[in-house]
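Quick notes on the structure that follows.
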Amino acid sequence: MTKVQVKEANGKLGILTVGVGAVATTFIAGTLITRKGLGIPVGSITQLATMRIGKREENNFPKIKDVVPLADLNDIVFGGWDIFEDNAYEAAKHAEVLTNEDLDKVKDELIAIKPMKAVFDQEFVKRLHGTWVKSAPTKWELAEQVKEDIQNFKKETGVDRVVVIWCGSTEVFTPLGEVHKTLAAFEKGLKENHPAIAPSNIYAYAAVSLGIPYLNGAPNLTVDIPAMWDLAQKTQTPIAGKDFKTGQTMLKTVLSPMLKTRMLGLSGWFSTNILGNRDGEVLDDPGSFKTKEESKLSVIDNILQPELYPDLYGNVYHKVRINYYPPRKDNKEGWDNIDLFGWLGYPMQLKVDFLCRDSILAAPLCLDLVLFADLAKRAGFSGIQDWLSFYFKSPMHEPSKIAEHDLFIQYVKLKNTLRRMIGEETIDYLD
Ligand SMILES: NC(=O)c1ccc[n+]([C@@H]2O[C@H](COP(=O)([O-])OP(=O)(O)OC[C@H]3O[C@@H](n4cnc5c(N)ncnc54)[C@H](O)[C@@H]3O)[C@@H](O)[C@H]2O)c1
């Protein structure tokens with residue numbers, strides 16, 4: 003097995019979050035608490051998981067972080083952008099995810115994280131009214147300002163490398179248009195203020211132009227457009243998205259393979275959620291919900307392959323609802339009613355009620371993603387990183403390939419990629 007040449011993680015790693023809201027502050031505070039030894043990063047593969055190396059009889063399961071050259075948590079420096087001026091401590095208080103007791107463990111560090119002014123356009127997030135927003139005559143100049151922000155952050159903090167991760171609100175649904183299809187059309191569109199170029203595209207363009215890995219935690223197109231795939235190849239930059247796979251969709255990508263593996267049929271899947279945080283408020287707008295809905299709906303069809311199994315999956319009624327319900331705050335409740343059928347078509351039902359915590363589930367994904375994206379950059383990987391599909395509801399993939407949604411296949415792919423990076427044999431479980 004030829005070893006991928008991975009540069010050492012020397013120096014500091016800057017992490018810039020676009021959006022300093024519930025997910026971002028829970029991620030940042032949790033990472034700072036962990037590195038002080040005051041909390042356990044539950045849910046993080048990079049920090050907790052082991053990976054088999056070698057043959058089964060060797061019984062060798064080191065921690066991933068002990069064999070893969072990941073950045074150390076002590077070398078991370080945080081920054082970000084938001085449309086509100088609140089520092090990360092104030093924003094975390096507002097989000098009401100972590101207790102005051104936990105936030106106070108890292109209060110000074112959080113207060114020091116003051117968001118930079120955002121690129122924002124009300125047309126793309128109807129429910130928010132930003133007050134801490136950049137202005138410029140063209141979208142091109144806004145992108146230049148974001149590049150300057152990144153360069154200044156590097157200078158001021160002395161970080162050697164940077165990763166950008168979108169933890170901002172879900173933007174309204176924007177179909178892929180001509181302006182997204184080539185880099186030339188996109189750059190022309192930036193200069194001419196094309197209305198289909200969203201703020202998230204502008205951050206992504208700025209980061210990827212500088213060779214900085216960009217991850218997309220929301221379902222917006224952002225880096226999933228041909229113009230950006232092309233730019234990422236040109237600048238040797240890893241990109242990945244879309245939409246963190248945390249609660250209900252994670253369950254779907256576990257339960258659907260179960261049905262299919264056992265050749266059980268499916269006639270309907272109704273999913274509904276109540277959610278009371280700012281994300282829920284944004285998703286209450288039909289335009290933003292549509293983006294989310296597209297992302298949530300693709301999963302079942304992709305896994306069940308109705309074209310191959312018309313008797314089992316040819317007529318599935320799939321519905322997804324998100325209801326904004328303020329009393330629940332970040333503590334989302336997701337119900338699933340699954341109508342399945344077995345031997346000779348006899349019907350059965352499965353009900354799932356997941357009382358989860360949105361940002362508690364998303365924070366470890368952010369940590370893993372930024373560390374893996376930084377690793378990918380040091381390994382010389384560029385373009386779409388589909389080995390990171392494990393983390394996303396709508397995994398980006400090469401246009402010539404189909405997406406892989408099954409959580410456990412995604413996990414095998416992730417670990418085999420890591421094995422290959424460190425010169426170990428990949429594992430096919432035939433030994
Ligand atoms: N389990 C999860 O929490 C989960 C799962 C999948 C996806 N997501 C997505 O992650 C994103 C963040 O979720 P959240 O709960 O933190 O939401 P949030 O509303 O608490 O935080 C989003 C932040 O982004 C800011 N923002 C909006 N537009 C911006 C822009 N153009 N530039 C900079 N900042 C901007 C908002 O002011 C807000 O502070 C959402 O898009 C959500 O759909 C979350």
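Numbering-wise (our numbering), the sequence shown opens with residue 3 and increments by one. Cβ coordinates follow ideal geometry from the N, Cα and C atoms, glycine included. Source: prediction; values computed, not measured.
| said: Can you check which of these residues, 20, 195 and 24, is closest to residue 164 by C-alpha distance? | reply: When the alpha-carbon of residue 164 is set against those of 20, 195 and 24, the nearest one is in 20.
*So what does DSSP say about residue 325, is it helix, strand or coil?*
Residue 325: strand per DSSP, three-state reduction.
Using CA coordinates, which residue listed in 43, 69, 40 and 45 is at the minimum distance from residue 54? It is 69.
Discussion item. Strictly by DSSP, which residues pair up with residue 270?
Written reply: DSSP lists 319 and 341 as partners of residue 270.
Less than 7 Å separating the beta-carbons of residue 437 and residue 80? Nothing about residue 437 can be reported from this structure: the residues present for the chain run from 3 to 433 only.
### Query
Where does residue 157 land, buried or exposed, given buried means 16+ other C-beta within 10 angstroms?
Classification of residue 157: exposed, given that the 10 Å Cβ count is below 16.
Next item on the list: Have a look at residue 162 and residue 262 and give me their C-alpha separation to the nearest angstrom.
Entry: Here the C-alpha atom of residue 162 lies approximately 46 Å from the C-alpha atom of residue 262.
Q.
For ligand 1, is there any heavy atom lying closer than 6 Å to the beta carbon of residue 245?
A. Result yes, Cβ under 6 Å from ligand 1.
Discussion item. Suppose contacts are defined by Cβ-Cβ distances below 7 Å. Is residue 223 in contact with residue 176 by that definition?
Written reply: For residue 223 and residue 176, yes; Cβs fall inside 7 Å.
CA-CA distance, residue 412 and residue 27? Their Cα atoms are separated by approximately 27 Å.
*First and last residue of the alpha helix (DSSP H) that includes residue 252?*
250-263 is the extent of the alpha helix (DSSP H) around residue 252.
**OP:** Assuming residue 15 contacts residue 78 (C-beta within less than 8 Å), just tell me the rounded distance between them.
**Re:** Going by Cβ atoms, the distance from residue 15 to residue 78 rounds to 5 Å, so yes, they are a contact pair.
- Message: Considering only the alpha carbon of each residue, which of 405, 129, 169 and 341 lies closest to residue 272?
- Response: Per the Cα distances, 341.
Closest to residue 135 by C-alpha separation, out of 117, 128 and 150, would be which residue?
Residue 135 has its Cα closest to that of 117, out of 117, 128 and 150.
### Query
Heavy atom of ligand 1 less than 6 Å from the Cβ of residue 129, yes or no?
Incorrect: residue 129 has no Cβ contact closer than 6 Å to ligand 1.
I think residue 334 touches residue 276, with their Cβ atoms under 8 Å apart; what is that distance to the nearest whole Å? Confirmed, Cβ separation roughly 7 Å.
Check your understanding: In the structure shown, what three-state DSSP assignment does residue 53 receive?
Key -> Annotated three-state conformation of residue 53 is coil, per DSSP.
| said: As a quick exercise: from 269, 43, 131 and 251, pick the residue whose alpha carbon is nearest that of residue 392. | reply: Comparing Cα positions, the closest option is 251.
Presumed contact (8 Å Cβ cut-off) between residue 255 and residue 407, rounded CB distance
About 5 Å separates the beta carbon of residue 255 from that of residue 407, a gap short enough to meet the 8 Å contact definition.
Straight-line CA distance for residue 322 to residue 247? Rounded to whole angstroms, residue 322 to residue 247 spans 15 Å at the Cα level.
- Item | For residue 292 and residue 199, believed in contact at Cβ under 8 Å, the rounded distance | Residue 199 to residue 292, Cβ: 18 Å. No contact.
Under three-state DSSP, which class holds residue 144?
-> It is helical.
*asked:* Check for me: the beta strand (DSSP E) holding residue 242 runs from which residue to which?
replied: Membership of residue 242 in the beta strand (DSSP E) is indicated by the continuous run 240-242.
Less than 7 Å between C-beta atoms, sequence neighbours within five positions excluded: which residues of the same chain meet that for residue 228? The answer, listed in chain order, is 182, 183 and 184.
Exercise for review: Pick helix, strand or coil for residue 155, following the three-state DSSP scheme.
Suggested key: When DSSP states are grouped into helix, strand and coil, residue 155 belongs to the helix group.
Delimiting residues of the alpha helix (DSSP H) encompassing residue 203: Annotation for residue 203: the continuous alpha helix (DSSP H) segment containing it runs 201-211.
Review point. Would you call the CB atoms of residue 99 and residue 24 closer than 7 Å?
Key: Taking C-beta atoms as the reference points, residue 99 and residue 24 count as a pair closer than 7 Å.
message = For residue 201 and residue 122, which I take to be in contact (beta-carbon distance under 8 Å), what is that distance rounded to the nearest angstrom?
response = About 6 Å separates the CB atoms of residue 201 and residue 122; that is less than 8 Å, so the two are in contact.
When every heavy atom of ligand 1 is checked, does at least one fall within less than 6 Å of the C-beta of residue 280? Within the cutoff, so yes.
(request) Tell me where the beta strand (DSSP E) around residue 163 begins and ends. (result) Note, residue 163: beta strand (DSSP E), 163-168.
Assuming residue 127 and residue 173 make a contact with CB atoms under 8 Å, what is their CB distance in whole Å? Contact flag correct, Cβ pair sits at about 6 Å.
Name the one or two DSSP bridge partners that residue 84 has. DSSP, once it has assigned bridges, lists 119 as partnering residue 84.
Open item on the list: Quick check: what's the CA-CA separation for residue 362 versus residue 101?
Closed with: Cα atoms of residue 362 and residue 101: separation of roughly 12 Å, rounded to the nearest angstrom.
For this session: Let me know the beta strand (DSSP E) ranges lying completely inside the segment 389-425, each 3 residues or longer, listed in chain order.
Result: Every candidate beta strand (DSSP E) stretch fails here, since none sits fully inside the segment 389-425 while reaching 3 residues.
Taking Cβ positions, are residue 148 and residue 381 nearer each other than 7 Å? Cβ distance not < 7 Å, so residue 148 and residue 381 don't count as in contact.
List the whole-angstrom C-beta distance separating residue 239 from residue 384, where the pair is believed to meet the contact cut-off of C-beta under 8 Å.
That pair is a contact at about 6 Å.
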